[in-house]
Ligand SMILES: [Zn+2]
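Residue numbers (this note's numbering): 7 to 343.
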């Protein structure tokens, strides 16, 4: 203990000496009192997060630092209790208590949470992008537990509950090919986004048509069984989903087409001007091409340039930028969970 006290005294003496030296130097030159505050920085117990991704339910510490710059350009950092950290515009999504951040469990991927550290006249903002770890949202039977969330991952390994029907289905407001009432529905957010997408396409000179949106578990069951009866199980599995495993049951997927492919679902749609425009712009409205070409082994589906999945603008854009499928994107989860 005595040793520690002694060391501290020596350190404080050194600081005093170095400060006085520094002050006398600066007084003689341009009166800048070095060190100067360069900026406010952040540090975290889990590195300051690769890609700044964090998962719902995750807890980590965050500290703000004052970054100092010496006259010779060298940089050092100090912690200071007077730096305040506050949550900005995202209080619904996380809590902050004594430098410990807890992201709430029900936050969906694509939400951006931001923190602001302030010290005297300096401030710095740090943002995190929420990215779910799908392994935390599935039960032991392979049934997803986050089926109501827009970022829910449904595929051949992950199914929806048999009785799940979204409670906000609406009739779509864009031209469609089929008259069947059920498939002309989407969840409200996806329907609104589809309207915007189709409008923007029209402005750009392309006419799109909706073909098949929401499908109930029982509709998917008959589709799949018909496909098996017609083409055999192997073929059916490639092109169709077993009941519970179709994204169409989420109410967030829509198959689209155009007259250039006779309003059908052909993979040649991807090479039409409409298909190319959709592939390049869908993310701006919150959609991704869910089953891209060359990713059949990962998604479990053949190329489907017509199948759009709604994820919200932030998440769809982030996935689009990475060029990954939903499966790959969520697997590349750097979170600690
Ligand atoms: Zn589809």
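Ideal placement from N, C-alpha and C gives every residue a C-beta, glycine not left out.
Cβ-based neighbour list, residue i, same chain, cut-off 6 Å, excluding 5 preceding and 5 following
i	result
residue 74	41 and 82
residue 281	275 and 311
residue 89	70, 123 and 125
residue 86	72
residue 162	251 and 306
residue 301	331
residue 203	291
residue 320	116
Length of the line joining the Cα atoms of residue i and residue j
i	j	result
residue 79	residue 132	25 Å
residue 259	residue 91	40 Å
residue 28	residue 95	Bear in mind that a pLDDT of 41 at residue 28, under 50, signals an unreliable position, so the model cannot answer this.
residue 264	residue 180	13 Å
residue 156	residue 43	43 Å
residue 149	residue 47	42 Å
residue 166	residue 220	13 Å
residue 207	residue 237	36 Å
residue 292	residue 244	26 Å
residue 217	residue 173	21 Å
residue 178	residue 68	44 Å
residue 30	residue 49	Caution applies to residue 30, whose pLDDT of 42 falls short of 50 and renders its modelled position unreliable; the value that the coordinates give is listed next. Their backbone Cα atoms lie some 33 Å apart in a straight line.
residue 113	residue 286	28 Å
residue 214	residue 190	14 Å
residue 101	residue 197	32 Å
residue 247	residue 84	57 Å
Own chain partners of residue i with C-beta closer than 8 Å, once the 5 adjacent residues on each side are dropped
i	result
residue 32	Here residue 32 scores only 45 on pLDDT, less than 50, and its place in the model is too uncertain to base an answer on.
residue 120	93, 94, 95, 96, 131, 132, 133 and 134
residue 188	220, 221, 222 and 225
Distance cut-off 7 Å: residue i Cβ against heavy atoms of ligand 2
i	result
residue 145	With respect to ligand 2, the structure offers nothing, as its ligand set consists of ligand 1.
Unbroken beta strand (DSSP E) run spanning residue i, endpoints
i	result
residue 47	42-50
residue 133	128-136
residue 122	118-125
Residue interval of the alpha helix (DSSP H) (run including residue i)
i	result
residue 2	Nothing about residue 2 can be reported from this structure: the residues present for the chain run from 7 to 343 only.
residue 382	No information on residue 382 is available, as it lies outside the stretch 7 to 343 that the chain covers here.
residue 103	Counting along the chain, residue 103 falls outside any alpha helix (DSSP H), though it belongs to the beta strand (DSSP E) covering 100-103.
residue 113	Looking at the DSSP string, residue 113 is not in any alpha helix (DSSP H), and its letter there is neither H nor E.
residue 178	Premise fails: residue 178 is in no alpha helix (DSSP H) and is neither H nor E.
residue 322	319-328
Local Cβ density within 10 Å of residue i, reported as buried at 16 or more and exposed below that
i	result
residue 116	buried
residue 139	buried
residue 270	exposed
residue 224	exposed
residue 141	exposed
residue 210	exposed
residue 108	exposed
residue 298	buried
residue 171	exposed
residue 168	exposed
residue 303	exposed
residue 329	exposed
Own chain partners of residue i with C-beta closer than 7 Å, once the 5 adjacent residues on each side are dropped
i	result
residue 326	289 and 294
residue 242	230, 233 and 234
residue 363	The requested residue 363 does not occur in the structure, where the chain is confined to residues 7 to 343.
residue 249	223, 226, 227 and 230
residue 144	150, 151 and 164
Handout entry: Closer than 5 Å: residues whose CB approaches a heavy atom of ligand 1
Key = So the residues near ligand 1 by this Cβ test are 261 and 313.
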